[in-house]
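Residue numbers (the UniProt record's numbering): 1 to 457.
Data first, discussion second: the structure below is written as structure tokens.
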């Protein structure tokens, strides 16, 4: 595209030449050469066709929530003409926040010369595909500009995931075989206790050394390993949809990560795991505790719906049908329980907890994943405890400024309120994990494992 920058000079040159012819004075011809020189200069310093090689690289294309990624654009002028003014803008996805630097740059390149533009992003949960690079070049005289988009080589997809190596389980188990140690003696491989011999005890469990030494019969018992029934509850209420001020994953992203990875980890170790949401009324999704491909598939569909763009109304009614899975992974229909809660109202925490307790199987453990931005989760926990369900709270902290910055007054108040809620949970005897996004989730869970009584690896 040619810019009318020197058109006035051309008009001036023509006018001076015409005036010189009219009056017959060569001085006017000399005056016309000055603007004409600018016109010729703008013409000879044109802009050739784009000859650029662009490559995009990530320092890490698979990161955890809250981590930053350095994106580097390398641009090389592969043509034989210099580009005195080159502007470029990288195609950053709309939902990826730029944490530092800028995806736009302005450089000048000689032939075979290269330059780089670097910036940092903080991606939210999921896979993010970067687009093309918008490029604009301008000639030295500024009379010609060219704009185009180029597809860079190198990396184009950035994935943000997390890995939950282990999750703490309380000593509430079901009779199914699994890998959660209990305080019950029986068959197993880890020593538990020695008791008096009872008729019918297996001979392999008799303490023969004790018999030879004292003449008394005794039986060795081993720590039994059983499968725990765990239900992850995702706080997907609109009031809990908060975004960190520094950008990156939202509170919902964090709780979905913890629930999804925790479910996969526990099902792989033989436990019966389910998942549900804290949404009131008909918005609740439910996958009953189970094992196998059916449970993982139903849970994956639930996470996709909850973590979508909010247009859950497009999901079919069948997708919201509660799914129960047995140990083999086969699906069976589960009848929705009748509750006394008005689905059309906006219930408080006690009502949500009561409705959740009516859904839960007996002795099921509850892992409530919530950012604790209000008092509703506290009321939910109290109601579940009164219904004899062990509760663990996993709370990502999205109230702080992050990156070592000083909090604003509003952030400071929100952080104090959240800490008070964590204190309330401790007073209730509930294990609460205060997960700072800058800390790996495994570290926070390890602290719970080592400080809470009655919990075993």
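Idealized CB from N, CA, C, for every residue including glycine.
Treat the numbers as computed from the prediction; the structure is a model and nothing was measured.
Asked, Found
"Cα-Cα separation, residue 377 to residue 241", "14 Å"
"Range of the contiguous beta strand (DSSP E) that encloses residue 275", "272 to 277"
"Touch test, the region 228 to 238 against the region 192 to 209, Cβ-Cβ under 8 Å, three pairs minimum", "no"
"Whole-angstrom C-beta distance between residue 380 and residue 368, which should lie under 8 Å", "7 Å"
"Identity of the residue in 434, 36 and 11 nearest residue 255 by Cα", "434"
"DSSP three-state assignment for residue 195, whether helix, strand or coil", "strand"
"Closest Cα partner of residue 53 within the set 72, 76 and 28", "76"
"Residue span of the beta strand (DSSP E) that contains residue 365, given as start and end", "365 to 369"
"C-alpha distance - residue 371 paired with residue 387, whole-angstrom precision", "23 Å"
"Beta carbon of residue 93 nearer than 7 Å to that of residue 62", "no"
"CB-CB length for residue 289 against residue 396, believed under 8 Å", "In fact, because the Cβ distance is near 24 Å, the residues do not count as touching under 8 Å."
"Alpha-carbon to alpha-carbon, residue 253 and residue 124", "7 Å"
"Strand pairing of residue 28, partner residues [DSSP]", "Partner(s): none; residue 28 has no beta bridge."
"Where the alpha helix (DSSP H) containing residue 409 begins and where it ends", "409 to 427"
"N- and C-terminal bounds of the alpha helix (DSSP H) containing residue 306", "293 to 306"
"Enclosing beta strand (DSSP E) for residue 98 [first to last residue]", "97 to 101"
"Per-residue burial, residue 423 [other beta carbons within 10 Å of its own, 16 or more giving buried]", "exposed"
"CB contact flag (residue 287, residue 306, <7 Å)", "no"
"Cross-strand partners of residue 356 (DSSP beta bridge)", "BP columns for residue 356 are empty, so no partner."
"Assigned secondary structure, residue 131 (DSSP; H/G/I helix, E/B strand, else coil)", "coil"
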